[in-house]
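When we follow this note's numbering, the leftmost residue of the sequence shown carries the number 36, and every step to the right adds one.
Note that beta-carbon positions come from the ideal geometry of N, C-alpha and C, so glycine has one too.
Working notes, beginning with the structure itself.
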Amino acid sequence: MNNQIYVSSYGIFILSINQFSSFLKEEKKTRVKKVLQLLQKEQSLYQRSIQTGSWLPIPQIDSVLYEIKITNLGDSFNEEWEGKYNYTSFNLCVGIDNSIWIGSIGLLFDWNVNKFIDNSITYSTLDGLQLTSALKFPLEKGKYLVSIQGYERKEKQNFPASNSGFLFSFAKVEKFESVNDPRDDKYLFNGINK
Numbered sequence: 036m037n038n039q040i041y042v043s044s045y046g047i048f049i050l051s052i053n054q055f056s057s058f059l060k061e062e063k064k065t066r067v068k069k070v071l072q073l074l075q076k077e078q079s080l081y082q083r084s085i086q087t088g089s090w091l092p093i094p095q096i097d098s099v100l101y102e103i104k105i106t107n108l109g110d111s112f113n114e115e116w117e118g119k120y121n122y123t124s125f126n127l128c129v130g131i132d133n134s135i136w137i138g139s140i141g142l143l144f145d146w147n148v149n150k151f152i153d154n155s156i157t158y159s160t161l162d163g164l165q166l167t168s169a170l171k172f173p174l175e176k177g178k179y180l181v182s183i184q185g186y187e188r189k190e191k192q193n194f195p196a197s198n199s200g201f202l203f204s205f206a207k208v209e210k211f212e213s214v215n216d217p218r219d220d221k222y223l224f225n226g227i228n229k
C-alpha cells in the first residue's frame with residue numbers, strides 16, 4: 036500500500052481521535068478550535084498532552100511529501116531507502132477507536148473532529164493533483180512507546196514521488212515511565228530532508 040502524506044505546515048502529528056478528544060474534554064478545552072496554537076501557548080498543557088500520550092508531534096520538518104510506514108502492519112522500507120535516525124520511547128495512548136491518525140500538523144490549526152471520519156483526509160491542488168494530509172491506521176487500544184525511524188531515498192525522484200519517509204513502531208506498555216519531548220533540540224527529524 037502506498038501511504039503518503041503531504042505536509043504543508045512543517046510538522047506531523049500522531050493521535051487517536053478518541054484519546055485526543057478525551058484529553059481536551061478533561062482539560063475543559065473542547066470548544067477550542069485553534070488547538071495547535073493553544074498547545075504552543077500553554078506549556079503546561081502541552082507537557083501534560085505528551086506525558087499522557089494524548090498526541091505525538093513531530094515538529095520542524097520540511098513541507099514535502101512523506102512516505103509513512105508502520106512496522107506493526109508489516110511495513111518496511113526497501114533497499115532504495117537509507118535509514119538516517121531512530122528515536123525511541125515517545126508516549127502515545129490509543130483510545131476506544133482502536134486507530135491512530137498520522138497527518139500534517141496544520142490540521143490542528145482549525146481542529147474539527149468531523150474531518151476524521153473516513154480513512155484519509157485529502158484535498159485537490161489548483162492544478163488538479165489530489166494530495167493526502169492525513170491517514171488512518173488500525174492500532175489496538177492501549178499505551179504505546181513509539182519509535183520513529185527517518186528514511187531518505189538514495190536516488191531522488193521527482194514530485195509526486197516522496198523522497199523522505201518515516202517508519203513508526205508501536206510497542207505496547209502497561210504504563211508510561213517517563214516522557215520524551217519531541218520538540219527537544221536533540222531530535223533532528225528534518226535530517227531526512229538534506
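The ligand GTP and L142: does any heavy atom of the ligand fall closer than 8 Å to the residue's C-beta? Ligands in the displayed structure: none, and consequently the ligand GTP is not present.
Rank K68, K178, N198 by C-alpha distance to the C-alpha of S51 and give the top, closest one. Position 16 of the sequence shown holds residue 51. Looking at the Cα atoms, K178 is the closest of the given residues.
Name the two residues that bound the continuous beta strand (DSSP E) containing S159. Translated into positions along the sequence shown, residue 159 becomes position 124. Segment 155-159, the beta strand (DSSP E) holding S159.
What are the uninterrupted segments assigned as alpha helix (DSSP H) that are 4 or more residues long and contained completely in the segment 113-140, given in chain order? none
When the distance is taken between beta carbons, is G226 closer than 9 Å to K119? Mapped onto the sequence shown, residue 119 falls at position 84. Mapped onto the sequence shown, residue 226 falls at position 191. In contact: K119 and G226 (Cβ atoms closer than 9 Å).
Strand pairing of A196, partner residues [DSSP]: On the sequence shown, position 161 is the one that residue 196 refers to. Paired residues: none, contrary to the question.
For N107, which residues in the same chain have their Cβ closer than 6 Å to its Cβ, ignoring the five residues on either side in sequence? Locating residue 107 in the sequence shown gives position 72, counting from the first residue. Counting only Cβ-Cβ distances below 6 Å, and skipping sequence neighbours, we find F205.
Outcome for G163 when other beta-carbon atoms lying within 10 angstroms are tallied against a minimum of 16: Against the sequence shown, residue 163 aligns to sequence position 128. Flag for G163 reads exposed.
Who does G109 pair with in a DSSP beta bridge? Start at 1 with the first residue of the sequence shown, and residue 109 comes out as number 74. DSSP output for G109 lists no bridge partner at all.
Residues that DSSP places opposite E187 in a beta bridge: Position 152 of the sequence shown, counted from the start, is the residue given in the question as residue 187. Per DSSP, E117, S199.
Quick one: grab the DSSP three-state call for L174. Sequence index remark: in the sequence shown, residue 174 carries index 139 (1-based). In the structure shown, L174 sits in coil (DSSP, three-state: anything other than H, G, I, E or B).
Using only CA atoms, which one of Q72, N228, I131 lies nearest to G11? Here the chain comprises residues numbered 36 to 229, so residue 11 is not present and cannot be evaluated.
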